[in-house]
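To keep things clear, I will list the structure first and then write my remarks on it.
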Amino acid sequence: MRKIVTLAVAVTAAASLMTGVTASAADGAALYKAKTCWSCHGKDAKTPLMPFYPSLAGQNADYMYNQMVDIKSGARSNGQTAAMKGVMGLVNEEEMRALADWLATLN
Amino acid sequence: MSVKPVIIGLTAAVAIGLSFGVSAADTSSWNKGAHSGETDEAMHLEPDLENGMDVYEVCSACHMPEGWGFTDGTFPQLAGQHRPVLIKQLADIRALNRDNPTMYPFALPESIGDAQALADVTAYIEKLPMNPENGKGEWAEGTPEFEQGKKLYADNCVRCHGEHGEGDVEKFYPRIEGQHYNYMLRQFEWIRDGKRRNANPDMVEQIKNFTDKDMKMVINYISRVPVNPKDLAPSADWKNPDFD
Chain Y
1 MRKIVTLAVA VTAAASLMTG VTASAADGAA LYKAKTCWSC HGKDAKTPLM PFYPSLAGQN
61 ADYMYNQMVD IKSGARSNGQ TAAMKGVMGL VNEEEMRALA DWLATLN
Chain V
1001 MSVKPVIIGL TAAVAIGLSF GVSAADTSSW NKGAHSGETD EAMHLEPDLE NGMDVYEVCS
1061 ACHMPEGWGF TDGTFPQLAG QHRPVLIKQL ADIRALNRDN PTMYPFALPE SIGDAQALAD
1121 VTAYIEKLPM NPENGKGEWA EGTPEFEQGK KLYADNCVRC HGEHGEGDVE KFYPRIEGQH
1181 YNYMLRQFEW IRDGKRRNAN PDMVEQIKNF TDKDMKMVIN YISRVPVNPK DLAPSADWKN
1241 PDFD
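Rendered as structure tokens:
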């Protein structure tokens, strides 16, 4: 019985995880183009415009989300952030979350 | 990786940093940029529209296939802009006479090509129909702020930018009618405050006493001046068929 419950929980968790991924994946992919991220980071998110711009495919979701929040707020303003700051008005935190989650799923 | 790309990469990295850090109001480059160097070279080349369309694909990722930018002003509308203005700004950005860290790497010859590419892509952009619903300021016609903006425009701007913001092709003065309010506001502020280094010194002088409210009122006015329908796309839903 305990095994069955564990299995049921696992299946439910996996199902909800998959649904979550699917929903945000669709949003994230659309946002990645619509918000012009792909212009600099590459259509596949791993062929950046400049060799010193980061590859995003498969990067840690929370790390990317935090960078986006900090670049938008100005808390992070070093390095190449000057190139990205100008476009951050195009995304809110919910959209940053969807972008980060989707980018993390890429290979 | 060979040595050359590394050097280009490092140079560009430094330039992107510089293009953000330098803020001295050195306006002496206006004439130099307008009448010599790459601007002059590109102005005298015969444009190839077909190649212009190919070059524009890079630009379209941010400025959109229609050349309308974003109505929130993140990216300006390029469609319908005078070719000499587009050539000068592109040449200035890649010569680091105008700070634009976001656009800088796209403007490099490695990304879009040489002076011929500038000649070609600007000929393509100039012919694109404009967004019939550009981003506008908050004050409708008839409000005191609109009327005050209209007066400020007549007193300070009309001599160079024209009766309805049409600019001046010969003098590299941009067309500002139909441009997005927030974009113009940002550029106006940077010109007033010395942050836009390729600003025309006559304009810097003309607007130096504008308050932030004056600035908003005059930009609100020009953002609401109707553009000749012959220069507009049939609707805001129009899509550029060249990039289906």
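Protein chains in written order, with this note's numbering: chain Y, 1 to 107; chain V, 1001 to 1244.
Think of the CB as a built atom: it goes at the ideal place given N, C-alpha and C, for glycine as much as any other residue.
Problem set entry | Members of the stretch 33 to 55 of chain Y near chain V, C-beta cut-off 7 Å | Using a CB distance below 7 Å, the part of the stretch 33 to 55 of chain Y facing chain V consists of T36, W38, S39, L49, M50, P51 and F52, ordered along the chain.
Problem set entry | Continuous alpha helix (DSSP H) stretch holding Y/R97: start and end | Numbered from its first residue, the first sequence carries residue 97 of chain Y at position 97. Its alpha helix (DSSP H) spans residues E93 to T105.
For this session: Classify V/V1169 as buried or exposed, calling it buried when 16 or more other Cβ atoms lie within 10 Å of its own Cβ.
Result: Residue 1169 of chain V sits at position 169 when you count from the first residue of the second sequence. Counting every other CB atom within 10 Å of its CB across the protein chains shown gives V/V1169 a total below 16, marking it as exposed.
Exercise. Under 9 Å between the Cβ atoms of V/A1236 and V/P1132?
Worked result: Within the second sequence, numbered from 1, the residue matching residue 1236 of chain V stands at position 236. Within the second sequence, numbered from 1, the residue matching residue 1132 of chain V stands at position 132. Contact: yes.
For this session: List the residues of chain Y whose Cβ lies closer than 8 Å to the Cβ of V/F1070, in chain order.
Result: Walking along the second sequence from the start, residue 1070 of chain V turns up at place 70. Within 8 Å Cβ-Cβ: L90.
Exercise. Which residues, taken in chain order from the stretch 1054 to 1068 of chain V, show a beta carbon closer than 7 Å to some beta carbon of chain Y?
Worked result: Correct list: A1061 and C1062.
For this session: Between the Cα of V/Q1206 and those of V/N1156, V/F1070 and V/K1088, spot the shortest distance and give me the residue it belongs to.
Result: Taking the second sequence and counting its residues from 1, one reaches residue 1206 of chain V at position 206. Nearest C-alpha to V/Q1206: V/N1156.
For this session: Using beta-carbon positions only, say whether Y/G42 and Y/P51 come within less than 9 Å of one another.
Result: Here residue 42 of chain Y refers to the residue found at position 42 of the first sequence. Here residue 51 of chain Y refers to the residue found at position 51 of the first sequence. It is not a contact, given that the beta carbons lie outside the stated cut-off.
Exercise. Leaving out the 5 sequence neighbours to the left and right, which residues in its chain are closer than 7 Å to Y/P54 when beta-carbon positions are compared?
Worked result: One-based indexing of the first sequence puts residue 54 of chain Y at position 54. Excluding residues within five positions, the ones whose Cβ falls inside 7 Å are P48.
Exercise. From V/N1182, V/Q1179, V/V1204 and V/L1152, pick the residue whose C-alpha is nearest to that of V/A1191; which is it?
Worked result: Taking the second sequence and counting its residues from 1, the one referred to as residue 1191 of chain V is at position 191. In the sequence as presented, Ala is not what sits at residue 1191 of chain V; that position holds Ile. Checking every option, the nearest Cα to that of V/I1191 belongs to V/V1204.
For this session: Just mark V/Y1173 as buried or exposed, buried being the case when its beta carbon has 16 or more other beta carbons within 10 Å.
Result: For this step, residue 1173 of chain V is matched to residue 173 along the second sequence. That one is buried.
Problem set entry | Pair within 9 Å by beta-carbon distance, V/D1048 and V/A1107 | As a working mapping, residue 1048 of chain V is identified with position 48 in the second sequence. As a working mapping, residue 1107 of chain V is identified with position 107 in the second sequence. No, they are not a contact pair.
For this session: Go to V/P1229, then tell me how far its alpha helix (DSSP H) extends in each direction, as first and last residue.
Result: The residue labelled residue 1229 of chain V in the question sits at position 229 within the second sequence. DSSP places V/P1229 in no alpha helix (DSSP H); its state is neither H nor E.
For this session: For V/F1075, decide whether its Cβ has a neighbour in chain Y, counting only Cβ atoms nearer than 9 Å.
Result: Locating residue 1075 of chain V in the second sequence gives position 75, counting from the first residue. Chain Y contact via Cβ: present.
Problem set entry | Within chain V, partners of Y/G74 - CB distance below 7 Å | Residue mapping note: residue 74 of chain Y aligns to position 74 of the first sequence, counting from 1. Going along chain V, no residue has its Cβ under 7 Å from Y/G74, so there is no contact; the nearest lies around 12 Å.
Problem set entry | Three CB pairs or more closer than 8 Å across the stretch 1209 to 1226 of chain V and the stretch 1132 to 1143 of chain V | Contact holds: three or more Cβ-Cβ distances are below 8 Å.
Exercise. Does any CB atom of chain V fall closer than 9 Å to the CB of Y/Q109?
Worked result: The requested residue 109 of chain Y is not part of the displayed model; chain Y covers only 1 to 107.
For this session: Taking only the alpha-carbon atoms, compute the straight-line gap between V/V1121 and V/Y1056 and give it to the nearest angstrom.
Result: The residue labelled residue 1121 of chain V in the question sits at position 121 within the second sequence. The residue labelled residue 1056 of chain V in the question sits at position 56 within the second sequence. Distance from the CA atom of V/V1121 to the CA atom of V/Y1056, rounded to whole angstroms, is 6 Å.
Exercise. Counting contacts by CB-CB distance shorter than 9 Å, is V/S1111 in contact with chain Y?
Worked result: Residue 1111 of chain V sits at position 111 when you count from the first residue of the second sequence. So, interface residue.
Problem set entry | Beta-carbon separation (whole angstroms), V/H1063 vs V/L1078, contact threshold 8 Å | As a position in the second sequence, residue 1063 of chain V is number 63, starting the count at 1. As a position in the second sequence, residue 1078 of chain V is number 78, starting the count at 1. So it is a contact: roughly 5 Å between Cβ atoms.
Exercise. Within the 9 Å Cβ cut-off, does Y/S16 reach chain V?
Worked result: Locating residue 16 of chain Y in the first sequence gives position 16, where the first residue counts as 1. Legend: pLDDT at Y/S16 = 46, less than 50; position of this residue unreliable, no value from coordinates given.
Exercise. What do you reckon, are the CB atoms on Y/A61 and Y/A100 nearer than 9 Å?
Worked result: By one-based count along the first sequence, residue 61 of chain Y stands at place 61. By one-based count along the first sequence, residue 100 of chain Y stands at place 100. Yes, the pair counts as a contact, with Cβ atoms nearer than the cut-off.
Problem set entry | Y/A75 and Y/D27 closer than 9 Å at C-beta | Working through the first sequence from its first residue, we reach residue 75 of chain Y at position 75. Working through the first sequence from its first residue, we reach residue 27 of chain Y at position 27. No, these two residues do not count as a Cβ contact at 9 Å.
Exercise. Which of helix, strand or coil does DSSP assign to V/S1023?
Worked result: Numbered from 1 along the second sequence, position 23 holds the residue referred to as residue 1023 of chain V. Caution applies to V/S1023, whose pLDDT of 38 falls short of 50 and renders its modelled position unreliable; the value that the coordinates give is listed next. In the three-state reduction of the DSSP assignment, V/S1023 falls in the coil class.
Problem set entry | Beta-bridge partners of V/M1130, as assigned by DSSP | To locate residue 1130 of chain V, count along the second sequence from 1; it is residue 130. DSSP, once it has assigned bridges, lists V/L1232 as partnering V/M1130.
Problem set entry | Exposed unless 16 or more other CB atoms sit within 10 angstroms - verdict on V/T1074 | Walking along the second sequence from the start, residue 1074 of chain V turns up at place 74. Counting the other Cβ atoms within 10 Å of the Cβ of V/T1074 gives 16 or more, which makes it buried.
For this session: Please decide whether V/F1106 counts as near chain Y, where near means a Cβ-Cβ distance under 9 Å.
Result: Within the second sequence, residue 1106 of chain V is the residue found at index 106, counting from 1. Interface residue, yes.
Problem set entry | Run of the alpha helix (DSSP H) containing V/P1144, from where it starts to where it stops | Taking the second sequence and counting its residues from 1, one reaches residue 1144 of chain V at position 144. P1144 to N1156 is the span of the alpha helix (DSSP H), which, as asked, contains V/P1144.
Problem set entry | V/D1231 beta carbon less than 9 Å from that of V/G1080 | Mapped onto the second sequence, residue 1080 of chain V falls at position 80. Mapped onto the second sequence, residue 1231 of chain V falls at position 231. Contact: yes.
Problem set entry | Nearest-angstrom Cα separation, counted from Y/D70 out to Y/N78 | In the first sequence, the residue the question calls residue 78 of chain Y occupies position 78. In the first sequence, the residue the question calls residue 70 of chain Y occupies position 70. Rounded to the nearest angstrom, the two C-alpha atoms are 11 Å apart.
Exercise. Count the other CB atoms within 10 Å of the CB of V/H1161; is the residue buried (16 or more) or exposed (fewer)?
Worked result: The residue labelled residue 1161 of chain V in the question sits at position 161 within the second sequence. Buried, since its Cβ has 16 or more Cβ neighbours within 10 Å.
Exercise. Which residues bound the alpha helix (DSSP H) around V/Q1081?
Worked result: Numbered from its first residue, the second sequence carries residue 1081 of chain V at position 81. From DSSP, V/Q1081 is part of no alpha helix (DSSP H); its letter is neither H nor E.
For this session: State the beta-bridge partners of V/Y1173 as determined by DSSP.
Result: As a first step, residue 1173 of chain V is located in the second sequence; it is residue number 173 there, counting from the start. According to DSSP, V/Y1173 bridges with V/D1168.
Exercise. Whole-angstrom Cβ separation of V/T1102 and V/H1180, contact assumed at under 8 Å?
Worked result: Walking along the second sequence from the start, residue 1102 of chain V turns up at place 102. Walking along the second sequence from the start, residue 1180 of chain V turns up at place 180. Separation of the CB atoms of V/T1102 and V/H1180 is rounded to 16 Å, and the pair is thereby denied contact status at 8 Å.
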